[in-house]
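A.B. asks:
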Amino acid sequence: METAMKLFSERGIKAVKMDDIAQQLGISKRTLYEVYEDKEKLLYQGIVKYDREKRNYLEQYARQGHHVIDIIIEAYRMKVKETRSVNPLFYEDIMKYPKVEQYIKDEHKRTREGFLQFMQRGVDEGCLRSDVDYAMVPHLLDAIGNHIMTNQLLKKHSMEELFNNLFLVSLRGLCTMKGLQLLEEAIATKIR
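Heads up: the sequence shown is residues 39 to 230, going by the numbering used here.
(1) What are the boundary residues of the alpha helix (DSSP H) that residue 62 is part of?
(2) Evaluate contact between the stretch 68–83 and the stretch 96–103, counting only Cβ atoms and requiring at least three cross-stretch pairs below 8 Å.
(3) In whole angstroms, what separates the C-alpha of residue 133 from that of residue 82?
(4) Taking the alpha carbon of residue 122 as the reference point, which residue from 178, 59 and 192 has its own alpha carbon closest?
(5) Measure the C-alpha to C-alpha separation of residue 109 and residue 67 and round it to an integer number of angstroms.
(6) What residue does the alpha helix (DSSP H) around residue 43 start on, and which one ends it?
(7) If contacts are defined as beta-carbon pairs under 8 Å, then residue 118 and residue 201 qualify, I think. What distance do you get, rounded to the angstrom?
(8) Between which residues of its own chain and residue 145 is the CB-CB distance below 7 Å, once the five residues before and five after are set aside?
(9) If you check the beta carbons only, do residue 85 and residue 129 fall under 8 Å apart?
(10) Classify residue 157: buried if its beta carbon has 16 or more other beta carbons within 10 angstroms, exposed otherwise.
(11) At which residues does the alpha helix (DSSP H) containing residue 198 begin and terminate?
(12) Grab me the residues of residue 182's own chain with a C-beta within less than 8 Å of its C-beta, minus the 5 sequence neighbours each way, in chain order.
(13) With a CB to CB cut of under 6 Å and the five nearest residues on each side skipped, what residues in its chain are close to residue 209?
(14) Below 8 Å on the Cβ atoms is my guess for residue 206 versus residue 213; work out the distance and round it to an integer in Å.
(15) Have a look at 39, 48 and 52 and flag the residue whose alpha-carbon is nearest the alpha-carbon of residue 60.
(16) Expressed to the nearest angstrom, what Euclidean distance is found between the alpha-carbon atoms of residue 165 and residue 195?
(17) Can you tell me whether residue 131 is buried or exposed? The criterion is at least 16 other CB atoms within 10 Å of its CB, across all chains shown.
(18) With DSSP as the reference, identify every bridge partner of residue 166, one or two as the case may be.
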C-alpha cells in the first residue's frame, strides 16, 4: 500500500498501473491482485489509512494543550507539506474512483459535527468570531474546492498556492483580534 501511494502521489493515479506497483515491489501482478482486487481498492485503503493517521496525529497534538489556532496551523502545515510532495494529477484523478469519492463525501459528513465542536472551542477561547454560522463554512469551502477542480485551476496554479489563498484568507476572516494575533505569531514561527 505504501509503495502504491508513493507512486500515485508522484505520478498521479491514472498514470500508475498495477504492473508498475508489482514491478516496484519485485512481485508478480498476480500476487498483487491476490491482496488487492483492483487499483481502486488499493487506493481506497491507502486513503483511509492516511486519513486515520492524520486524524490521530492531530488529536494527539490537540491533547497536548494547544489552542485552536495552533491546531489549525499544524493541520495547515501538514497540508502544505503534502501539497509540495503530491503531483497535482493525484488530486485530479482521485475523484474518478467512485468508492474513493464516496468515502471522501462520507468523511466530510462524518467530521462536520467534530468541526462544529472545534469551531465552538475556538469561539470559547476567544480566537474565533461568535457571529459566524460555522455550519455554513464547510459547504463554502467544498464549493470553492469544486470550483478549483471544475475549472482546472491546478493547471494554472500550484496546489500550495491555491491552498494558501483559500485557507489563510478564510481563516483570517474567522478570527477575532486575539485570534489574528495568535495566527500571525503561528505563521511567523511555524510555516515560514
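All C-beta atoms, glycine included, are put in the ideal place defined by N, C-alpha and C.
C.D. replies: With the structure as the only source:
(1) Bounds of the alpha helix (DSSP H) holding residue 62 are 56–63.
(2) Contact fails: fewer than three Cβ-Cβ distances are below 8 Å.
(3) Taking the straight line joining both Cα atoms gives about 11 Å.
(4) For residue 122, the nearest C-alpha among the options comes from 192.
(5) Approximately 42 Å, taken between the alpha carbons.
(6) In the DSSP annotation of this structure, the continuous segment of the alpha helix (DSSP H) that includes residue 43 starts and ends at 40–49.
(7) About 7 Å; that satisfies the 8 Å criterion.
(8) Non-local C-beta neighbours of residue 145 in its own chain, meaning closer than 7 Å and more than five positions away in sequence, comprise 89, ordered along the chain.
(9) Not closer than 8 Å, so no.
(10) Buried: at least 16 other Cβ atoms inside 10 Å.
(11) Its alpha helix (DSSP H) spans residues 197–212.
(12) 204.
(13) The same chain holds no residue with a CB closer than 6 Å to that of residue 209 once the five nearest residues on each side in sequence are set aside.
(14) With 8 Å as the limit, residue 206 and residue 213 do not qualify as a contact, their Cβ atoms being about 11 Å apart.
(15) Nearest option by C-alpha distance: 39.
(16) One C-alpha to the other measures close to 31 Å.
(17) With 16 or more Cβ atoms within 10 Å of its Cβ, residue 131 is classed as buried.
(18) Bridge partners of residue 166: 213.
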